[in-house]
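A.B. asks: With the sequence shown counted from 1, adding 2 to any position gets you this note's numbering. The beta-carbon is built from N, C-alpha and C at its ideal position, and this holds for glycine as well. Here the structure is a predicted model, which means the values were calculated and not measured.
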Amino acid sequence: IISLFFLLAVLFTLPALFGLWVGLGGNFDHAGKAFSESPVSHSLFLGSVLSMEGVFFLYYWSWNLFQTLPVALVIGLVAFVSGSRALTEVQERRLAGER
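1. Count the other CB atoms within 10 Å of the CB of A98; is the residue buried (16 or more) or exposed (fewer)?
2. Below 8 Å, how does it come out for the segment 34–48 and the segment 78–90: are there three or more Cβ pairs, yes or no?
3. Output the distance between the C-alpha atoms of V12 and F59, rounded to the nearest integer angstrom.
4. Nearest-angstrom Cα distance between V76 and S50?
5. Give me the Cβ distance between E91 and E39, rounded to the nearest whole Å; I'm assuming they're in contact under 8 Å.
6. Using the rule of at least 16 other Cβ atoms within 10 Å of the residue's Cβ for burial, across every protein chain shown, is A33 buried or exposed?
7. If we ignore side chains and look at the alpha-carbon of each, how far apart do L52 and V42 end up?
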């Protein structure tokens, strides 16, 4: 019952999170340009974030800590390197006046 409570708490907060994000000026207008300018880094970063969610699910469902940590380390390194390059590309567009 406790897990169900936290699941519902997360599900009810997601619309508020997305509403706040849109209210602060977040948009998907530049997603196509971002993926065309630097497709490898953006795709790897998005894939690594989704993969880490999969690792968390497997840890919750069946893995122990010793199975989880090496996989999380590799995925974390990929996320760090690709995320750094993806954010550099976003910064370059912002400094060029494209927002």
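C.D. replies: On the basis of the data shown:
1. Mapped onto the sequence shown, residue 98 falls at position 96. By the neighbour-count rule (16 or more Cβ atoms within 10 Å), A98 is not buried but exposed.
2. yes
3. As a first step, residue 12 must be located in the sequence shown, where it is residue number 10. As a first step, residue 59 must be located in the sequence shown, where it is residue number 57. When rounded, the distance between both Cα atoms is 15 Å.
4. As a working mapping, residue 76 is identified with position 74 in the sequence shown. As a working mapping, residue 50 is identified with position 48 in the sequence shown. Computed Cα separation, rounded: 9 Å.
5. Numbered from its first residue, the sequence shown carries residue 91 at position 89. Numbered from its first residue, the sequence shown carries residue 39 at position 37. Rounded, the Cβ-Cβ distance is 6 Å, consistent with contact.
6. Here residue 33 refers to the residue found at position 31 of the sequence shown. So A33 counts as exposed.
7. Locating residue 52 in the sequence shown gives position 50, counting from the first residue. Locating residue 42 in the sequence shown gives position 40, counting from the first residue. So the alpha carbons of these two residues sit roughly 15 Å apart.
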